[in-house]
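Q: Residue numbers (the working numbering): 507 to 692.
All C-beta atoms in this analysis are idealised placements derived from N, C-alpha and C, irrespective of residue type, glycine included.
As the structure is a prediction and not an experimental result, all values here were calculated from the model.
Mind looking over this structure? Questions follow.
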């Protein structure tokens, strides 16, 4: 949590996406320190149960049909929210996954931070205690025996085009996931 207090103003918070749990937990953790919202797919705000909760966060919506339109929505809407002092959580993976695949981790969060001239903060998550449902992804089984882990990294200023910072975010997430996997074996 101290890493969120190391800078003034908003940031782009870039995290891996493992389950529905982080969607509920991250705002509760971050909001007391910094106002925050998400970049989410449109279908999440249209859901009967989950939709009203997501809409209450006033998220940036993407359709995931037209990548060019999604990029524009995130860069324009995200920049406005960041300029207004609101931080943004972004999950740059194509979908939730227990396995972290760096090649599927896009640079959208880096591009947004660069455009808005705000720092990037990496977040590593191990939230596989809430499984992915077979019929409805958001309603998977919960395993209370599994440990849930969150780690918030040091804020980074984006230099040049952000390629180095993107790799640092990936390195942070991989490092924490490997550390937690080792701890689970002990």
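Strictly by DSSP, which residues pair up with residue 648?
A: Position 142 of the chain shown, counting from 1, holds the residue named residue 648. 636, per the DSSP bridge assignment.
Q: Just to confirm the assignment: which complete alpha helix (DSSP H) runs, minimum length 4, are found wholly within the region 591–630?
A: Here the runs fully enclosed are 614–622.
Q: Identify which residue in 536, 684 and 529 has its Cα closest to the Cα of residue 509.
A: As a working mapping, residue 509 is identified with position 3 in the chain shown. Considering only alpha carbons, the answer is 536.
Q: Give the secondary structure of residue 577 by DSSP, where H, G and I count as helix, E and B as strand, and everything else as coil.
A: The residue you call residue 577 lines up with position 71 of the chain shown. Residue 577: helix per DSSP, three-state reduction.
Q: Check whether the region 513–521 touches the region 587–600, taking contact to mean three or more Cβ pairs, one atom from each stretch, closer than 8 Å.
A: Yes, the region 513–521 is in contact with the region 587–600.
Q: Just list the residues that DSSP pairs residue 655 with in beta bridges.
A: Looking up residue 655 in the chain shown gives position 149. Its beta-bridge partners are 632.
Q: Please state whether the Cβ-Cβ distance between residue 631 and residue 611 is less than 8 Å.
A: Within the chain shown, numbered from 1, the residue matching residue 631 stands at position 125. Within the chain shown, numbered from 1, the residue matching residue 611 stands at position 105. Their beta carbons are not under 8 Å apart, which means residue 631 does not touch residue 611 by this criterion.
Q: Would you be able to state if there are at least three C-beta pairs under 8 Å between the region 655–669 and the region 545–560?
A: The region 545–560 vs the region 655–669: no contact.
Q: Could you tell me how far apart the beta carbons of residue 624 and residue 675 are, in whole angstroms, since I believe they sit closer than 8 Å?
A: Here residue 624 corresponds to residue number 118 of the chain shown, with the count starting at 1. Here residue 675 corresponds to residue number 169 of the chain shown, with the count starting at 1. With a Cβ gap of about 14 Å, residue 624 and residue 675 do not count as contacting.
Q: Specify, as a first and last residue, the run of the alpha helix (DSSP H) that residue 555 falls within.
A: In the chain shown, residue 555 corresponds to position 49, counting from 1. Premise fails: residue 555 is in no alpha helix (DSSP H) and is neither H nor E.
Q: So, at 8 Å on beta carbons, what are the nonlocal neighbours of residue 521 in its own chain, with the 5 sequence-adjacent residues on each side left out?
A: Taking the first residue of the chain shown as position 1, residue 521 is located at position 15. 528, 532, 595, 596, 597, 628, 629, 630, 631 and 679, listed in sequence order.
Q: Please name the residue in 524, 608 and 559 whose C-alpha comes closest to that of residue 672.
A: Against the chain shown, residue 672 aligns to sequence position 166. Closest by alpha carbon: 608.
Q: Please work out which residues of its chain come closer than 7 Å, Cβ to Cβ, to residue 563, disregarding the five sequence neighbours upstream and downstream, and give them in chain order.
A: By one-based count along the chain shown, residue 563 stands at place 57. 533, 543 and 544, listed in sequence order.
Q: By how many angstroms is the C-alpha of residue 546 removed from the C-alpha of residue 568?
A: Translated into positions along the chain shown, residue 568 becomes position 62. Translated into positions along the chain shown, residue 546 becomes position 40. Those two C-alpha atoms are separated by around 6 Å.
Q: According to DSSP, is residue 521 part of a helix, a strand, or is it coil?
A: As a working mapping, residue 521 is identified with position 15 in the chain shown. Strand, per DSSP.
Q: Could you tell me how far apart the beta carbons of residue 581 and residue 621 are, in whole angstroms, since I believe they sit closer than 8 Å?
A: In the chain shown, residue 581 corresponds to position 75, counting from 1. In the chain shown, residue 621 corresponds to position 115, counting from 1. About 5 Å; that satisfies the 8 Å criterion.
Q: If you count every other CB in all the chains shown that lies within 10 Å of the CB of residue 634, and 16 or more means buried, which is it?
A: Within the chain shown, residue 634 is the residue found at index 128, counting from 1. Buried: at least 16 other Cβ atoms inside 10 Å.
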